[in-house]
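A short worksheet on the structure shown next.
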Amino acid sequence: MTPIVKTEGLTHLYSPGTPFERIAVQDLDFQAMKGEFIGIIGHTGSGKSTFIQHLNGLLKPTKGRVLFDGEDIWSSKTKTHGVRFKVGLVFQYPEYQLFEETVYKDIAFGPKNMKLSEEEIDARVREAADLVGIGEELLEKSPFDLSGGQKRRVAIAGVIAMRPDVLILDEPTAGLDPAGSAEILANIKDYHHRMGSTVLFVTHSMEDAARIADRLLVFSGGHLVMDGTPNAIFARPEELEAIDLGIPEITRVVARLREKGLDIPAAIYTVEQAKAALMKLKEGKADA
Amino acid sequence: MLKNITLGQYFPGNTFVHRLDPRTKLLIIVVYIVALFLVDKITAYLPVIVFLAISVMVSKIKLKSLVSGMKPLFVIIVITAIINLFFTSGEPIVKLWVVTITKEGVRAAVFMLLRISLLIMGTFMLTYTTAPMQLTDGLESLLGPLKKIKMPVHELAMMMSIALRFIPTLIEETDKIMNAQKARGADFETGGLVQKAKAMLPLLIPLFISAFRRADELATAMESRCYSGGEGRTKMKQLCYGAIDVTAGAAAIVLLAMVILLNTFGI
Chain A
1 MTPIVKTEGL
11 THLYSPGTPF
21 ERIAVQDLDF
31 QAMKGEFIGI
41 IGHTGSGKST
51 FIQHLNGLLK
61 PTKGRVLFDG
71 EDIWSSKTKT
81 HGVRFKVGLV
91 FQYPEYQLFE
101 ETVYKDIAFG
111 PKNMKLSEEE
121 IDARVREAAD
131 LVGIGEELLE
141 KSPFDLSGGQ
151 KRRVAIAGVI
161 AMRPDVLILD
171 EPTAGLDPAG
181 SAEILANIKD
191 YHHRMGSTVL
201 FVTHSMEDAA
211 RIADRLLVFS
221 GGHLVMDGTP
231 NAIFARPEEL
241 EAIDLGIPEI
251 TRVVARLREK
261 GLDIPAAIYT
271 VEQAKAALMK
281 LKEGKADA
Chain B
289 MLKNITLGQY
299 FPGNTFVHRL
309 DPRTKLLIIV
319 VYIVALFLVD
329 KITAYLPVIV
339 FLAISVMVSK
349 IKLKSLVSGM
359 KPLFVIIVIT
369 AIINLFFTSG
379 EPIVKLWVVT
389 ITKEGVRAAV
399 FMLLRISLLI
409 MGTFMLTYTT
419 APMQLTDGLE
429 SLLGPLKKIK
439 MPVHELAMMM
449 SIALRFIPTL
459 IEETDKIMNA
469 QKARGADFET
479 GGLVQKAKAM
489 LPLLIPLFIS
499 AFRRADELAT
509 AMESRCYSGG
519 EGRTKMKQLC
529 YGAIDVTAGA
539 AAIVLLAMVI
549 LLNTFGI
């Protein structure tokens, strides 16, 4: 099976040839299969954002190739333009890109640019709004009258209305309250589930990364330094701390509990897992 | 792509020209422009050119950056020179089909060319060697006397510094929104003029909204730090004239005197 997106020796320099030249990503080899759910973690300035902007052709690699479904996205102009619809990118604070008079029109902006028929656009707008939990009654409202969380969801709907095969989100939950961010993560999972598409999301929350991703990419200094399942990656806390990242808080709690002599497994990364382990321990004691 | 806009760009340095009081530089530029417009004999351009050359050398500004700054205005300069060349009446020297070039035309074209280029390069020298904030401080102080006739000088200077401060922020924001809309398939590059103008809407509306939002936030932030206009406000960096300002001022007066002298006695 061909990977849906793939990069080969991807290198990007900012302001090449000037005194401000800076390497953003270097020699990056990566591939993702259809249906994967991938979390991207890394310190600020580690190259995550530069990397994701290559996947839909917004940035052109200084060296190396970006392939979509086995084809180089820079081989022709139409291909570069076309890949924007197949790889949907939701930027940080996407609510600042809203511009239309109504929520409906704003979500329809992407599909319209794809030159789809009216009925098709209508179907996609309603489907996307439904996926992110924006009710029918909001569709005719101005996007500027919505709450922060709602605006964010409308902006995300604007990208998923293009039904991209790969959905990339740059810190989709930044600046939202816990309820709002839980809702957005649930929406994204829902989309992944229903469409079977590949999802990549950048996050600073190790908890989110552990909870919803099947695979994690760790960036540092423009390099992809780790690539594996959350379990495999969080089992290396020293290496993560060396690049200013951490492990989920609950994992730390579990480690302290083990130090105190409690007999629970170390490989616990989410509160749910911890709860299950503790309950089991309690039941075990009750049985004895 | 928006990053290479040079708008009142400042090249930091610590030369004689950089260390001058911004008020001195503003006054000198006024004298320089007056001198430039007084010139009516070709030799009188000499002191102006020498003055500019000396300030360029002293300030260590690269000639290349001065010339590249003129690029956008190059077309205007050339057109002005050509119009002057062909449409000045007087003693004809070349006659070609319908066009006649007169002696006066050549003179006017050369004068215009020199005048505009020297004017632009001179003002560039001011913005290249003076930080924007210093410039507004200098303006505020120079326009100070106008407060007596109820001119809101402080407010104008404050608006200017805020505007300058936000240029890079807005450029960055434009880049971001542009990328976000491109990710939704917006096309800013192809199509005719009308299509291109229409394509700008998804960029301009969010940009305006965010500019208003920023202005609102800034106003709140300023008010919560008790900003209440210029009345009784003191400065962290006091402007004060020094010996170098006297030297530079004297040089400007010499320039003016030379121009007047050459106008009267030169050829």
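So the sequences go chain by chain: A and B. Count the first sequence with this note's numbering and you get residues 1 to 288, in order. Count the second sequence with this note's numbering and you get residues 289 to 555, in order. The beta-carbon is built from N, C-alpha and C at its ideal position, and this holds for glycine as well.
Cβ-based neighbour list, residue i, same chain, cut-off 8 Å, excluding 5 preceding and 5 following
i, result
"N551/B", "L326, V327, D328, K329 and A332"
"D309/B", "G426, L527, C528, Y529, G530 and D533"
"R258/A", "I264 and A266"
"V319/B", "A540, I541, L543 and L544"
"G303/A", "Missing from the structure shown is residue 303/A; chain A here goes from 1 to 288 and no further."
"F20/A", "Y14"
"T229/A", "D214, R215 and L216"
"Q53/A", "L59 and L89"
"D72/A", "R65, V66 and K79"
"A286/A", "none"
"S512/B", "none"
Residue from the options with nearest C-alpha to residue i
i, options, result
"A155/A", "S220/A, I52/A and I188/A", "I188/A"
"R194/A", "H204/A, A128/A and V218/A", "A128/A"
"Q97/A", "K464/B, T417/B and V305/B", "K464/B"
"E23/A", "A157/A, Y14/A and A123/A", "Rather than Glu, the amino acid found at residue 23/A in this sequence is Ile. The shortest C-alpha separation from I23/A is found at Y14/A."
"V346/B", "T312/B, V382/B and F304/B", "F304/B"
"R252/A", "A274/A, I243/A and D244/A", "A274/A"
"G473/B", "V202/A, D130/A, S205/A and A108/A", "A108/A"
"H204/A", "D190/A, L217/A and T198/A", "L217/A"
"K151/A", "V387/B, P494/B, K484/B and H306/B", "P494/B"
"E8/A", "Q26/A, D227/A and F20/A", "Q26/A"
"P3/A", "L262/A, F30/A, A179/A and M114/A", "F30/A"
"N372/B", "G537/B, T478/B and M400/B", "M400/B"
"D122/A", "A179/A, K105/A, A276/A and V271/A", "K105/A"
"F144/A", "L240/A, E272/A, F99/A and L262/A", "F99/A"
"M301/B", "R501/B, T388/B, T418/B and P360/B", "Reading off the sequence shown, one finds Gly at residue 301/B, where the question assumed Met. It is T418/B whose Cα lies nearest to the Cα of G301/B."
Own chain, CB closer than 7 Å to residue i, minus 5 neighbours either side, in chain order
i, result
"A267/A", "N231 and A235"
"R311/B", "G426, S429, L430 and L527"
"N292/B", "The predicted model places N292/B with a pLDDT of 47, which falls under 50 and marks its position as unreliable, so this point remains unresolved."
"S220/A", "G42, H43, S46 and I243"
"T294/B", "Confidence is the limiting factor: at T294/B the pLDDT is only 49, short of 50, which leaves the residue's position unreliable, though a coordinate-based value still follows. The residues are G357."
"R403/B", "L324"
"V288/B", "No answer is possible for residue 288/B: it lies beyond the span of chain B, which begins at 289 and ends at 555."
"L224/A", "L28, F30 and L217"
"V254/A", "I264, A266, I268 and A274"
"G554/B", "K329, T331 and A332"
Contact with chain A by residue i, beta-carbon distance below 7 Å
i, result
"S498/B", "yes"
"P300/B", "no"
"I493/B", "yes"
"V542/B", "no"
"I293/B", "Any reading at I293/B must be qualified, since the residue scores a pLDDT of 48, below 50, and its modelled position is unreliable; no value is offered."
"Q297/B", "no"
"E505/B", "no"
Residue-chain proximity (residue i, chain B), Cβ-Cβ < 7 Å
i, result
"Y14/A", "no"
"F91/A", "yes"
"R84/A", "yes"
"Y191/A", "no"
"T2/A", "no"
"L146/A", "no"
"F99/A", "yes"
"Y96/A", "yes"
Contacting residues, own chain, Cβ-Cβ under 6 Å from residue i (five flanking each side not counted)
i, result
"P248/A", "M206, E207, A210 and Y269"
"L169/A", "V90 and F201"
"L423/B", "P310"
**OP:** Please list the residues of the region 456-472 of chain B that have a C-beta atom closer than 9 Å to any C-beta atom in chain A, keeping them in chain order.
**Re:** Here the close residues are E461, K464, I465, N467, A468, Q469, K470, A471 and R472.
Original post:
Counting pairs of Cβ atoms below 8 Å between the region 38-45 of chain A and the region 57-64 of chain A, do you hit three or more?
Top reply: The region 38-45 of chain A is not in contact with the region 57-64 of chain A.
Original post:
Using a beta-carbon distance cut-off of less than 7 Å, what residues from the region 102-127 of chain A approach chain B?
Top reply: Result list: F109, G110, N113 and M114.
Subject >> chain B contacts made by the region 146-162 of chain A, where a contact means CB separation under 8 Å >> reply: So the list reads G158, V159 and M162, given in the order they occur along the chain.
Subject >> Chain-ordered residues of the region 53-70 of chain A with a beta carbon less than 8 Å from chain B >> reply: Those would be Q53, N56 and L58, in chain order.
Original post:
Between the region 476-491 of chain B and chain A, which residues of the former have CB atoms less than 9 Å from a CB of the latter, in chain order?
Top reply: Per Cβ criterion, the list reads L489, P490 and L491.
**OP:** Specify whether the region 385-396 of chain B and the region 359-366 of chain B touch according to this definition: at least 3 beta carbon pairs, one from each stretch, less than 8 Å apart.
**Re:** The region 385-396 of chain B makes no contact with the region 359-366 of chain B: fewer than 3 CB pairs, one atom from each, lie closer than 8 Å.
Subject >> Residues, ordered as in the chain, of the region 395-407 of chain B that lie near chain A by beta-carbon distance below 7 Å >> reply: Correct list: empty, as no residue qualifies.
Subject >> At least three beta-carbon pairs within less than 8 Å, the region 435-443 of chain B to the region 511-527 of chain B >> reply: With the cut-off at 8 Å, the region 435-443 of chain B and the region 511-527 of chain B touch.
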